[in-house]
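Trainee:
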Amino acid sequence: MSRVVVVTSGKGGVGKTTTSASFSTGLALKGYKVAVIDFDVGLRNLDLIMGCERRVVYDFVNVVQGEASLQQALIKDKRIPNLYILAASQTRDKDALTQEGVERVIEQLKEAGFDYIVCDSPAGIEKGAQLALYFADEALIVTNPEVSSVRDSDRILGILQAKSRRAEKGDAPIVEHLVLTRYNPNRVEAGEMLSVDDVIDLLSVKLLGAVPESEDVLNASNSGMPVIMEDKSAASQAYKDIVERFLGEEIEHRFLTAEKKGLFKKLFGK
Amino acid sequence: MALLDYLLGQRKKKSANLAKDRLQILLAHERSERNAPDYLPKMREEILAVIAKYVDIDDEKLQISVDEANGFEVLELNLVLPEHNR
Numbered sequence: 058m059s060r061v062v063v064v065t066s067g068k069g070g071v072g073k074t075t076t077s078a079s080f081s082t083g084l085a086l087k088g089y090k091v092a093v094i095d096f097d098v099g100l101r102n103l104d105l106i107m108g109c110e111r112r113v114v115y116d117f118v119n120v121v122q123g124e125a126s127l128q129q130a131l132i133k134d135k136r137i138p139n140l141y142i143l144a145a146s147q148t149r150d151k152d153a154l155t156q157e158g159v160e161r162v163i164e165q166l167k168e169a170g171f172d173y174i175v176c177d178s179p180a181g182i183e184k185g186a187q188l189a190l191y192f193a194d195e196a197l198i199v200t201n202p203e204v205s206s207v208r209d210s211d212r213i214l215g216i217l218q219a220k221s222r223r224a225e226k227g228d229a230p231i232v233e234h235l236v237l238t239r240y241n242p243n244r245v246e247a248g249e250m251l252s253v254d255d256v257i258d259l260l261s262v263k264l265l266g267a268v269p270e271s272e273d274v275l276n277a278s279n280s281g282m283p284v285i286m287e288d289k290s291a292a293s294q295a296y297k298d299i300v301e302r303f304l305g306e307e308i309e310h311r312f313l314t315a316e317k318k319g320l321f322k323k324l325f326g327k
Numbered sequence: 002m003a004l005l006d007y008l009l010g011q012r013k014k015k016s017a018n019l020a021k022d023r024l025q026i027l028l029a030h031e032r033s034e035r036n037a038p039d040y041l042p043k044m045r046e047e048i049l050a051v052i053a054k055y056v057d058i059d060d061e062k063l064q065i066s067v068d069e070a071n072g073f074e075v076l077e078l079n080l081v082l083p084e085h086n087r
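One line per chain: the protein sequences are A and B, in this order.
All letters in the first sequence, in the order written, are residues 58 to 327 by the working numbering.
All letters in the second sequence, in the order written, are residues 2 to 87 by the working numbering.
1) Under the rule that 16 or more other beta-carbon atoms within 10 Å means buried, what is residue 364 (chain A), buried or exposed?
2) Report yes or no: do three or more beta-carbon pairs, one from the region 58 to 71 of chain A and one from the region 205 to 212 of chain A, lie closer than 8 angstroms?
3) For residue 66 (chain A), return the contacting residues in chain B, with the cut-off set at a CB-CB distance below 9 angstroms.
4) Going straight from the alpha carbon of residue 224 (chain A) to that of residue 56 (chain B), what length do you get?
5) Shorter than 8 angstroms from the beta carbon of residue 183 (chain A) to some beta carbon of chain B?
6) Are the CB atoms of residue 79 (chain A) and residue 91 (chain A) within a distance shorter than 8 angstroms?
7) Going along chain B, which residues have a C-beta under 8 angstroms from residue 223 (chain A)?
8) How would you list, in chain order, the residues of chain B whose beta-carbon sits under 8 angstroms from the beta-carbon of residue 190 (chain A)?
9) When you compare each of B:63, B:36, B:62 and B:51 to residue 69 (chain B) by their alpha carbons, which one comes out closest?
10) Rounded to whole angstroms, what is the Cα-Cα separation between residue 43 (chain B) and residue 26 (chain B)?
11) Do the region 143 to 162 of chain A and the region 113 to 130 of chain A touch if we need at least three Cβ pairs shorter than 8 angstroms?
12) Where does the unbroken alpha helix (DSSP H) through residue 30 (chain B) begin, and where does it stop?
13) Mind checking if residue 282 (chain A) is an interface residue toward chain B, Cβ cutoff 8 angstroms exclusive?
14) Quick check: the Cα distance between residue 67 (chain B) and residue 148 (chain A), rounded to an integer number of angstroms?
15) Roughly how many angstroms separate the alpha carbons of residue 197 (chain A) and residue 76 (chain B), rounded to a whole number?
16) Quick one: what does DSSP say residue 259 (chain A) is sitting in, helix, strand or coil?
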């Protein structure tokens with residue numbers, strides 16, 4: 058049975074697309090058939106993060122409008138079998154997406170045997186974001202340990218609980234998972250950053266995983282490779298844990314505590 | 002400088018605690034607004050109309066909210082009367 062997972066946050070720049078790319082890659086690496094859809098019409102970026110920007114011929118809007126078939130628009134990932142990308146349109150305006158059109162595409166993907174359909178939401182709480190979450194069964198709430206991000210996440214949680222199809226039909230609610238990104242345990246220990254427990258407390262959402270702030274994320278996006286594939290990186294390991302936990306494995310949380318500094322470094326280091 | 006920061010850092014109020022306190026208050030407020038009953042704006046208007054029959058008041062001066070306290074739903078009305086009221 059297929060599951061629709063939305064990656065959302067309200068606030069921009071917190072790591073939705075990075076998370077969508079790594080999460081869907083991780084699921085595909087586990088052997089599932091995965092489609093990841095970029096809902097950010099006009100500001101397409103998932104293709105760039107996944108390294109397939111030069112292979113986009115048809116996009117999501119073309120399919121919604123009936124100008125191309127789903128098979129024509131789905132881009133098959135070159136590295137990982139069973140991973141497909143549906144790019145957002147770069148030229149159309151946001152009204153090009155309709156609820157009926159999105160529903161049709163999701164139904165077609167389900168019929169085509171996709172196990173997971175990952176919806177990369179645009180920032181904000183407007184139509185694009187609402188359409189991205191409307192058909193979701195589960196949601197990854199991407200949050201930075203920072204006041205405005207936490208506030209916007211709370212706002213988007215309210216929308217998930219009130220304006221999704223599940224909410225409107227009175228079905229079981231969307232399963233919510235917190236993904237805390239750009240986490241810096243050193244600053245948390247110094248009392249300069251909200252801790253995982255603080256954010257869990259504030260949002261009342263179960264933690265799927267924390268991704269430590271890492272230089273590897275920028276390096277990975279520079280080269281068009283989801284950071285989860287940089288095996289040695291802490292961010293990659295954090296995303297792999299996130300995928301495992303999402304699939305039901307019980308894995309202890311990592312990267313939550315600061316590395317121990319020696320006395321010398323504490324006194325004279327930066 | 003790290004040594005100095007380290008020593009000074011002991012005395013400063015931690016900004017993370019400040020962030021959490023502020024967010025707790027803000028989110029509670031925003032959630033109560035989000036979950037407010039649909040009739041609230043209309044009711045506010047009608048109450049305002051009744052009061053306006055007797056007192057000359059400013060639209061903005063009537064605050065109305067539904068809160069929960071000790072398991073009861075509390076409808077709170079807050080009205081500031083003008084200073085020279087005849």
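Ideal Cβ positions, reconstructed from N, Cα and C, are used throughout, including at glycine.
A quick note: this is a predicted structure, and the numbers were derived from the prediction, not measured.
Mentor: Answer, in terms of the structure:
1) This structure cannot settle anything about residue 364 (chain A), because the visible part of chain A is limited to 58 through 327.
2) yes
3) Simply none; closest approach about 16 angstroms.
4) 43 angstroms
5) Judged by the 8 angstroms Cβ criterion, residue 183 (chain A) is not in contact with chain B.
6) no
7) Going along chain B, no residue has its Cβ under 8 angstroms from residue 223 (chain A), so there is no contact; the nearest lies around 18 angstroms.
8) What residue 190 (chain A) touches in chain B: nothing, since even the nearest Cβ is about 16 angstroms away.
9) B:36
10) Cα to Cα, the separation comes out at about 26 angstroms.
11) yes
12) 16 to 35
13) Residue contact check for residue 282 (chain A) against chain B: no CB pair falls below 8 angstroms.
14) 45 angstroms
15) 35 angstroms
16) helix
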